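Trainee: Sharing a structure below in C-alpha cells format, with a few things to ask.
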C-alpha cells in the first residue's frame with residue numbers, strides 16, 4: 001500500500017485569478033481545498049507538496065501523484081483509494097496532462113483517460129460547474145462534531161436560529177460554523193456551507209454556496225464560492241461566481257450570470273475569451289478585490305489580485321489596478337500594502353514580513369498585465 005501522496009501544480013495559471021498567492025491545491029473548491037480533503041479523506045497519509053509539474057525522477061518512490069486542480073468528490077476518493085492500494089503503476093490523463101497516478105518507478109505506467117466522473121479543472125468555472133457535488137461531499141466532513149438543530153441543519157457552538165428563518169434541506173444539508181450569527185427573515189438552502197465566525201445579515205438569501213470563515217454576507221447569493229475574510233453584506237446579487245479572500249463588495253454590487261442571448265458564457269482573464277460551456281456563469285474576483293457601490297459585473301468578467309473596480313465591469317481588470325471613471329490606473333505597491341494592512345488589522349490579523357514579500361512578488365509577476373491593459377501608475381490616496 002502507498003503511504004505517500006505527491007501534490008503537484010503543473011499549471012497554476014489555469015485557476016487564475018485565485019492562484020497569484022497560493023497553489024492550486026489551496027484554492028477553495030467549494031467549502032474545502034484539495035489539500036484539506038486529502039487530510040480528511042486519507043488521514044495518516046504523508047503529503048508532499050511540489051510546485052511545478054510532476055517528475056518521477058525528482059520525487060521519492062513509490063508515491064501517488066495528484067494534480068492540484070482535481071476537484072474533491074466521491075469519485076475521486078474511490079480513484080485515489082484504488083491508486084493507494086495498487087500493486088502496479090497506473091496513470092490517468094486529462095487534456096494531455098497527468099491528472100493522477102501511482103508511480104513505483106520513473107516510468108509510471110501506460111496513460112489512460114481520466115474517468116468522466118472525476119474533474120480536473122481547466123479554469124475556475126469548472127469549480128462552479130461541479131459546485132453542488134463538491135458542496136455535498138464537503139458537507140460530510142464539515143458537519144462532523146456539529147449538532148443537528150433542525151432536520152438537515154448542522155450548527156457549531158453558539159449558533160442560534162432566530163425567528164422567521166427558512167431552511168431548505170431537500171437537496172442538501174445546511175452547515176453553520178461555530179460562532180456564526182444569523183439575522184432574521186433569511187432563507188438558507190442546501191447544500192450550503194457557512195464557515196466559523198460569520199455574520200449573515202437580515203433578509204439574506206443563501207443557496208447552494210460556500211461561505212468561508214469570518215465573512216459577512218447579505219443580499220442574494222447562489223451557486224457561488226466566497227473565501228475567508230470577505231464581505232458581501234449589503235443588497236445585490238451574486239450568482240455562479242467565485243470570490244477570493246479579503247474581498248469587499250460595496251452595497252448594490254451585482255454579478256450577472258446569464259447572457260441576453262442565452263448562449264454559453266466566455267470568460268476574459270486577460271488573454272482572450274475562454275469558452276466555459278456554461279449558460280449560467282458569473283464573475284471571478286481574486287483575493288483583495290474591492291468594488292464600489294452599485295458596481296455591475298457582467299457575465300464572464302474577471303478581476304485580478306487586489307484590483308479595485310467602479311461602474312460596469314465587462315471583461316478583465318488586471319491585478320493591482322483601479323478601474324475608475326477615468327479608466328485603468330495602476331496601483332503603487334506601497335499603497336496596496338497599506339490598504340491590505342489596514343483591512344487585516346480590522347480583523348485582528350497582522351501582515352507579517354513574509355506576507356509583504358509574497359505580495360511584492362505577486363506585484364512584480366503581474367506587471368505585464370497592467371502594461372498590456374494600458375494602466376499607467378496613478379497617484380491613489382490612502
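Residue numbers (full-length UniProt numbering): 1 to 382.
Just so you know, even glycine gets a beta-carbon here, dropped at the ideal spot from N, CA and C.
If you're wondering where the values come from, they're calculated on a predicted model, not measured in any experiment.
Is residue 222 near residue 239, with beta carbons less than 8 angstroms apart?
Mentor: Against a cut-off of 8 angstroms, the Cβ pair of residue 239 and residue 222 comes out as a contact.
Trainee: With respect to the alpha helix (DSSP H) encompassing residue 124, which residues constitute its N-terminal and C-terminal limits?
Mentor: It spans 124-129 - the alpha helix (DSSP H) in which residue 124 sits, taken as one unbroken run.
Trainee: The beta strand (DSSP E) spanning residue 168 covers which residue range?
Mentor: Note, residue 168: beta strand (DSSP E), 166-168.
Trainee: Per DSSP, which residues does residue 148 bridge with? Please list them.
Mentor: According to DSSP, which records beta bridges pairwise, residue 148 is partnered with 154.
Trainee: Is there contact here, the region 187-204 with the region 169-177, by at least three beta-carbon pairs under 8 angstroms?
Mentor: Contact between the region 187-204 and the region 169-177 is present, because at least three Cβ pairs lie under 8 angstroms.
Trainee: At the level of alpha carbons, what is the spacing between residue 294 and residue 237?
Mentor: The alpha-carbon atoms of residue 294 and residue 237 are separated by roughly 11 angstroms.
Trainee: Among all the DSSP beta bridges, which residues are the ones paired with residue 173?
Mentor: DSSP output for residue 173 lists no bridge partner at all.
Trainee: Compare the beta carbon distance of residue 14 and residue 122 with 8 angstroms and say whether it is the shorter of the two.
Mentor: Result yes, Cβ atoms of residue 14 and residue 122 sit closer than 8 angstroms.
Trainee: Might you give, ordered along the chain, the residues of its own chain that have their beta carbon closer than 7 angstroms to the beta carbon of residue 40, omitting 5 neighbours on each side?
Mentor: Counting only Cβ-Cβ distances below 7 angstroms, and skipping sequence neighbours, we find 141.
Trainee: Using DSSP's beta-bridge definition, name the partner residues of residue 301.
Mentor: Looking at the DSSP assignment, residue 301 forms no beta bridge with any residue, so it has no partner.
Trainee: Taking the C-alpha atoms as reference points, what is the distance between residue 157 and residue 266?
Mentor: Approximately 42 angstroms, taken between the alpha carbons.
Trainee: Among 171, 116, 304 and 326, whose alpha-carbon lies nearest the alpha-carbon of residue 311?
Mentor: Answer by Cα proximity: 326.
Trainee: For residue 251, I'd like the list of residues in its chain whose CB is within less than 6 angstroms of its CB, leaving aside the five on either flank, ordered along the chain.
Mentor: The residues are 234 and 293.
Trainee: Terminal residues of the continuous beta strand (DSSP E) containing residue 324?
Mentor: It spans 321-324 - the beta strand (DSSP E) in which residue 324 sits, taken as one unbroken run.
Trainee: Just how far apart, CA to CA, sit residue 362 and residue 281?
Mentor: Cα to Cα, residue 362 sits roughly 27 angstroms from residue 281.
Trainee: According to the Cβ coordinates, are residue 70 and residue 34 closer than 8 angstroms?
Mentor: Cβ atoms of residue 70 and residue 34: closer than 8 angstroms.
Trainee: Helix or strand or just coil, what does DSSP make of residue 344?
Mentor: Residue 344 falls in the helix class under three-state DSSP.
Trainee: Buried or exposed for residue 371, going by 16 or more other Cβ atoms inside 10 Å?
Mentor: Answer is exposed; the Cβ neighbour count stays below 16.
Trainee: If you count every other CB in all the chains shown that lies within 10 Å of the CB of residue 204, and 16 or more means buried, which is it?
Mentor: Answer is buried; the Cβ neighbour count reaches 16.
Trainee: Could you give the distance in angstroms between the alpha-carbon of residue 182 and the alpha-carbon of residue 207?
Mentor: The alpha-carbon atoms of residue 182 and residue 207 are separated by roughly 15 angstroms.
Trainee: Mapping the DSSP letters down to three states, classify residue 377 as helix, strand or coil.
Mentor: The answer is strand: DSSP assigns residue 377 an E or B state.
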